[in-house]
Amino acid sequence: MNGACPPILVPGHERVGVVTEVGRKVKKCQKGNKAGVGSCRSCESCSANYCPKMVLTYAAPDKDGSITYGGYSNEMVCNEHFVIRFPENMPLLEQLSIVR
Numbered sequence: 006m007n008g009a010c011p012p013i014l015v016p017g018h019e020r021v022g023v024v025t026e027v028g029r030k031v032k033k034c035q036k037g038n039k040a041g042v043g044s045c046r047s048c049e050s051c052s053a054n055y056c057p058k059m060v061l062t063y064a065a066p067d068k069d070g071s072i073t074y075g076g077y078s079n080e081m082v083c084n085e086h087f088v089i090r091f092p093e094n095m096p097l098l099e100q101l102s103i104v105r
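Reminder that position 50 of the sequence shown reads as 55 in the working numbering, one-by-one numbering, no gaps.
Written as structure tokens, this is what we have:
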């Protein structure tokens with residue numbers, strides 16, 4: 006990207022919503038679940054901003070070369086590893102306070 010922004014930029018780093026579709030190998034959630042996207046939790050300190058493998062939430066190249074779109078998107082694709090499933094009765098504002 007060389008410092009240039011992509012032609013379409015969708016910001017937003019707290020991502021929560023309702024699962025609309027899952028792949029056949031997904032076990033952690035199913036269609037209709039409330040869910041959010043969290044950090045990978047691979048290191049003990051969970052210092053996502055300092056991770057050498059970090060993928061920025063929006064306007065950045067993803068591992069497959071596509072550009073990431075943020076939490077204000079209508080839809081997004083997420084690896085099951087990053088999904089945080091929420092109880093059905095949990096209000097949206099509480100969900101937002103959990104994801105980071």
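Just so it is clear, CB atoms sit at the ideal spot from N, CA and C, and this is done for glycine as well.
Provide the residue span of the beta strand (DSSP E) that contains residue i, from first to last.
i	result
isoleucine 89	88–91
glycine 22	21–23
Excluding the five sequence neighbours on either side, which residues of its own chain have a C-beta within less than 6 Å of the C-beta of residue i, listed in chain order?
i	result
cysteine 83	Val42
leucine 14	Ala64
Using DSSP's beta-bridge definition, name the partner residues of residue i.
i	result
proline 66	Ile72
glycine 41	Val21 and Ile89
Please list, in chain order, all residues of the same chain as residue i whose beta carbon is under 8 Å from its beta carbon, the five residues on each side excluded.
i	result
threonine 73	Val60, Leu61, Thr62, Tyr63, Ala64, Ala65, Pro66 and Asp67
histidine 86	Cys45
Which residues mark the beginning and the end of the alpha helix (DSSP H) in which residue i is found?
i	result
glutamine 100	97–103
Can you give the beta carbon distance from residue i to residue j, rounded, assuming they're within the 8 Å contact cut?
i	j	result
cysteine 34	valine 88	6 Å
proline 16	tyrosine 77	6 Å
| said: Any contact between the stretch 23–40 and the stretch 64–72? By contact I mean 3 or more CB pairs, one from each, below 8 Å. | reply: no
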